[in-house]
Structures are given as structure tokens and as C-alpha cells.
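See below for the structure under consideration.
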Amino acid sequence: MEINPAGDMLAVPLHPSDGRGIAFVPFRNGRLGTPTYLPFPGIAAATRMTHVSWHPSGNFIAAALADVGSVAFARVQRQGDTVTLQPWGNQVLAGKYPFKAVWTPDGRHVLANNLQWGPDVAGFWTEAPRGSVISLRLSDKPAEIPNSLVSVAETGVSPEGITISPDGRFVVTTNLERSYVPTGDARKTWHSSLSLMAFEQSTGRFQRIGDYPFDGILPEAAVFDASSRYLAVTNYDHFDDTKPGGTIDFWRLDSDPLNPRPLLVRTEHSVPVTRGPHSMVLIP
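When we follow full-length UniProt numbering, the leftmost residue of the sequence shown carries the number 1, and every step to the right adds one.
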């Protein structure tokens, strides 16, 4: 589910969709209106959308199709609460199990996180290899120039969360690793991790910086603050059973003045929450 930039319409992907695809729900004065159900153009009714996101203009929407490994685009047209969708160019093959689709601040590219999950992976996800993050360019003339894959960068294992800084310069994925595997299982990792990439909005290209392991379980999501200098990360649970529930942990972007390569530093600031936080949004 995601709210549009104007703050007056929710888009909710449905599964099983039975042909309806997305629910568009008006939102005014803190109240939800009557949903409009629409199929996503060019997507078969049985195809699962794991995530949809609004373009910064509110005029387009992107859908991550994990089971078929692609990202699709549609143009959104509104007349009051009446919404229609029109296909916008081709679906782009994104990789293996693209879980989310996130627009860059300038709206020129969509980023997607490939988890590498699937029925051909032991446990569907348990033995997945390292994941990746990709950038896709939205065409402004889809009849002449296709939507296209631009860049790929490697991440840690199972990068289920992805966020881009408001200034468009950095991308972070939250990697589950195998922190959730039961104690005693030889596959278990006693850490999760974040992966940091520099991003160039004008070209859509990544520069991988590195992975940052930390003592935590199942970091499902992260979000930058408005300054693009700090990062909040959900921590589902802890390896230390004396710590009840989960936390929201805070990181900062830093660098060595004599070697100005960006890096992530986990701070001492952490807010206790109920076990299992999954998602966050930044309120402007």
C-alpha cells in the first residue's frame, strides 16, 4: 500500500486479485472513501503484485511482479475520485523475485530489490544467494523508446527492504541474511546487514560501497530522514532473549575527511517497539 504525493489517494495491490488488481482508495480529512478496483494494464489477473508505488508527479504507477521477475508501468488519470489506468510501455525483466519498486526523487528511474527467492531455492528463501538492486529507466516516449534496465549492484542475502535518500544520492537495502533460521541450524547467520550504494540520478547508475553487518534479526525496512544523513532501520527481534520486542535503530552516513568514502555507522539511539516491525514512512 502507498499513498500518492498529493496525499489524497491510496493504491493497494490485491492478491488474489480475481481480475481487480489494485484498489484505489480516496483519503480525505483522515477518512477512507469508497475503493475503485482496477486491473493493472497488461498484467494477467492471476499475477501477484508484491508492491506498487506512485511516481513523484502522481501521474504514473509502478508494480513489482515478484513471481514473473518484472516491473510494469501504467499512467494514472483522475477525474475527482474516478481513476483510470493506461499501459505505459513495456514490462522490464528485473531479475529474480523483485519485491519492491521505488521511484527516485526526480522520477526518472525505478529501483527494485531482487531477493533471489523462488521454488527452485531450498526452503523457497532459506538458501537464497546474495541479492541485488537494479535501476530501470522510465521512457517519456514509450512508443519509440522502451522502458529499460540501466544498472545492477550486489547486496547482502534477501534484501527485503529498500530506500533511497531524499537527495537521490544513496540507496540502502535491509538484508535479512539468514538471521531468522532456528538456533542449531548450521545455515543460521548471527547477524543481519545493510548494503549501501551511491546512486547517480542523471544516469541511473549505482556504485556499490559495501555491506554493514549488525546484531539483529529480520530488518524488514529502512527510511532516510529529510536531511539524507540519518537512517531509521526496523529490527524485528534480538538474538539476546533478555531484550523484549523489536526496535527502531538509527544509523548515520559518515566518512573519513582524508578518505571521503561514504559509510554507514550504527548510532547508540534505538527506540523499543513491539516485536516484528515491518515498515515505516517519513512524514514530511
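Idealized CB from N, CA, C, for every residue including glycine.
{"Check": "Rounded distance between the beta-carbons of Arg-48 and Ala-66, thought under 8 Å", "Outcome": "7 Å"}
{"Check": "CA nearest to the CA of Phe-170, picked from Glu-160, Ile-209 and Ser-192", "Outcome": "Ile-209"}
{"Check": "Alpha-carbon spacing of Val-172 relative to Gly-131, whole angstroms", "Outcome": "13 Å"}
{"Check": "Status (buried if at least 16 other CB within 10 Å, exposed otherwise) for Pro-119", "Outcome": "exposed"}
{"Check": "Residues that DSSP places opposite Gly-246 in a beta bridge", "Outcome": "Val-273"}
{"Check": "Per-residue burial, Phe-124 [other beta carbons within 10 Å of its own, 16 or more giving buried]", "Outcome": "exposed"}
{"Check": "8 Å contact criterion, which Ser-202 and Ser-192 should meet: CB distance rounded", "Outcome": "So it is not a contact: roughly 32 Å between Cβ atoms."}
{"Check": "Short Cβ contact (8 Å threshold) for Ala-112 with Val-157", "Outcome": "no"}
{"Check": "C-alpha gap between Pro-35 and Ser-57, whole angstroms", "Outcome": "21 Å"}
{"Check": "Cβ pair Gly-245, Val-265 closer than 8 Å", "Outcome": "no"}
{"Check": "Cβ-Cβ separation, Gly-19 to Val-25 (assumed contact under 8 Å), whole Å", "Outcome": "With a Cβ gap of about 18 Å, Val-25 and Gly-19 do not count as contacting."}
{"Check": "CB contact flag (Tyr-236, Arg-275, <8 Å)", "Outcome": "yes"}
{"Check": "Contact belief for Gly-21 with His-55 at Cβ below 8 Å, rounded distance in angstroms", "Outcome": "Contact doesn't hold; Cβ gap of about 18 Å is too wide."}
{"Check": "Buried or exposed (CB count within 10 angstroms, at least 16 for buried), Arg-261", "Outcome": "exposed"}
{"Check": "Alpha-carbon spacing of Gly-7 relative to Gln-79, whole angstroms", "Outcome": "16 Å"}
{"Check": "Reduced DSSP category for Val-265 - H, G, I as helix; E, B as strand; rest coil", "Outcome": "strand"}
{"Check": "Three-state class that DSSP yields for Phe-40 in the structure shown", "Outcome": "coil"}
{"Check": "Same chain, Cβ closer than 7 Å to Gly-95, five either side skipped, listed in chain order", "Outcome": "Gly-69, Asn-114, Ser-132 and Ile-134"}
{"Check": "Three-state secondary structure assigned by DSSP to Thr-84", "Outcome": "strand"}
{"Check": "Proximal residues to Arg-137 (C-beta, below 7 Å), its chain only, five neighbours per side dropped", "Outcome": "Arg-108, His-109, Asn-147, Ser-148, Val-150 and Gly-204"}
{"Check": "Residues sharing a beta bridge with Thr-50, DSSP", "Outcome": "Its beta-bridge partners do not exist; DSSP assigns none."}
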